[in-house]
Amino acid sequence: MRLVKYIGPIQYVRAHDISLGKCEGVFGYHGFVVKRSEINLFNVRNAKSTTTATNLIGQMSAAEFGRSVGLRGKGGFLAFVAAGHTPATESPHPKTRRLQMRMTEQDIEAFHKRFITPTVIEAETGLHRHTILAHLRAKQIERFAPDGQDYGPIYLREAIERQIRDLPACD
77 MRLVKYIGPI QYVRAHDISL GKCEGVFGYH GFVVKRSEIN LFNVRNAKST TTATNLIGQM
137 SAAEFGRSVG LRGKGGFLAF VAAGHTPATE SPHPKTRRLQ MRMTEQDIEA FHKRFITPTV
197 IEAETGLHRH TILAHLRAKQ IERFAPDGQD YGPIYLREAI ERQIRDLPAC D
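Under this note's numbering, the first residue of the sequence shown carries the number 77, and numbering increases by one thereafter.
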C-alpha cells in the first residue's frame with residue numbers, strides 16, 4: 077500500500093488558520109468540529125485558477141492530436157514531439173496542473189505541412205485505409221524514421237504527395 081500525504085485543512089488547523097473545536101459528550105474524532113465559514117474560506121483560497129483554462133483555448137494536448145491523426149500506440153507521437161520533429165509547447169494541464177505537451181493551431185498546421193499519416197490520407201482522399209496501406213507498401217514508401225527511430229505510421233508529406241495522386245479515385 078502506498079501512503080499519500082494529505083495536504084489540506086489539517087495544515088491550516090496546525091497553523092491556526094482554521095479553528096478546531098470539540099463537542100462535549102462526543103468521543104473520538106467524531107467530536108472534532110470546524111466552522112463551515114472557515115472551510116469555505118479555505119476552499120476559496122485554494123481553488124484552482126480558471127485563467128489557465130482560458131489561456132489554452134485553441135490548443136490541444138499532443139497526445140490528443142496524435143490520436144486524431146491515427147497515432148494511438150504507446151506514446152510514439154509524444155516521443156516524436158519530444159524529439160523536436162514537430163513544434164509543441166510544454167504547459168500545465170488546465171485541471172490537473174501536470175506538465176504536458178500542447179499544440180496550438182499553428183503547431184498543428186506545421187505538422188500537416190511537413191508530415192502525413194494514413195488516417196489523414198484517408199480523410200483527404202476518401203479511400204479505405206487498407207487500400208492506402210497496400211499502395212504505400214507496393215510503392216515501398218518508408219515511414220519517417222530518423223536514426224532508425226520508429227514513431228508509428230508517419231510519412232514525410234513531400235515524399236508521399238506524388239504517390240497520393242496515383243491512388244485510384246474514390247467515387
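Here a beta-carbon is modelled for each residue, glycine too, at the ideal position from N, C-alpha and C.
Quick caveat, the model's predicted, so the values are computed rather than measured.
Helix, strand or coil at residue i according to DSSP, with G and I counted as helix
i, result
"V157", "helix"
"F191", "strand"
"L209", "helix"
"T201", "helix"
"F103", "coil"
"G146", "coil"
"G152", "helix"
"K81", "Per-residue confidence for K81 stands at a pLDDT of 46, beneath the threshold of 50, marking its modelled position as unreliable; no derived number is given."
Contact belief for residue i with residue j at Cβ below 8 Å, rounded distance in angstroms
i, j, result
"R178", "A138", "7 Å"
"G145", "T193", "Going by the sequence as given, residue 145 is Val instead of Gly. The pair is a contact, with the Cβ atoms about 5 Å apart (cut-off 8 Å)."
"G228", "G149", "6 Å"
"I217", "I236", "6 Å"
"G162", "G134", "According to the sequence shown, residue 162 is Thr rather than Gly. Not really, about 17 Å apart at Cβ, beyond 8 Å."
"C99", "V109", "6 Å"
"F220", "L232", "5 Å"
"L147", "I230", "7 Å"
"F24", "I184", "This structure cannot settle anything about residue 24, because the visible part of the chain is limited to 77 through 247."
For residue i: DSSP bridge partner residues
i, result
"P168", "L175"
"F108", "K98"
"T180", "Q135"
Residue-level contact to chain C via CB, residue i, 8 Å cutoff
i, result
"F153", "Of the protein chains in this structure there is only one, and it is not chain C."
Note to self: Measuring CB atoms only, is the stretch 156-175 touching the stretch 200-209, in the sense that at least three cross pairs come out at less than 8 Å?
What the structure shows: no
Notebook entry, point to check: Fully enclosed by the stretch 211-239, which alpha helix (DSSP H) runs are 4 residues long or longer?
Noted result: none
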